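Comments concern the structure below.
Numbering (the numbering used here), first residue to last: 51 to 179.
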């Protein structure tokens, strides 16, 4: 009986950590796609503060946006820009990169760019807007 309570307690403790990890992975993908849209899709831009606000809405820790930005920059420039982050975050960036690349190839860049207007509404905007 005690074993059952112990396992239930451990699961309750682990659940928030897993939920936070899932939220951060989702956020990493959003940031990566927003930055890819800025680079790959003509006429689009990203406002850093919008990314920070999204992290706050998702109740991610302060500084998450900067860590994610640095990790993406480090990975996508071969270490020439940004900073390497913890292994878990770097793995999340790698997975988001692979998923984004696959979607871009599957849809074709023009269709992918068009889809991002809906998928990333509130995170990307028209340049100068």
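By construction, the Cβ of each residue, glycine as well, lies at the ideal position given by its N, Cα and C atoms. Quantities reported herein were computed from a predicted structural model and do not represent experimental measurements.
Residue i, DSSP secondary structure in three states
{"i": "residue 112", "result": "coil"}
{"i": "residue 168", "result": "helix"}
{"i": "residue 178", "result": "coil"}
Where the alpha helix (DSSP H) containing residue i begins and where it ends
{"i": "residue 150", "result": "137–157"}
Run of the beta strand (DSSP E) containing residue i, from where it starts to where it stops
{"i": "residue 96", "result": "94–96"}
Pairwise C-alpha distance: residue j and residue i
{"i": "residue 108", "j": "residue 74", "result": "9 Å"}
{"i": "residue 151", "j": "residue 103", "result": "26 Å"}
{"i": "residue 94", "j": "residue 177", "result": "5 Å"}
{"i": "residue 156", "j": "residue 99", "result": "31 Å"}
{"i": "residue 106", "j": "residue 167", "result": "22 Å"}
Expected contact under 8 Å - CB spacing of residue i and residue j to nearest Å
{"i": "residue 84", "j": "residue 170", "result": "5 Å"}
{"i": "residue 174", "j": "residue 78", "result": "Between residue 78 and residue 174 the Cβ distance is about 16 Å, and since that is not below 8 Å, they are no contact."}
{"i": "residue 146", "j": "residue 82", "result": "4 Å"}
Validate contact between the region 162–169 and the region 88–97 using beta carbons, cut 8 Å, 3 pairs: Of all C-beta pairs linking the region 162–169 to the region 88–97, three or more are shorter than 8 Å, placing the two stretches in contact.
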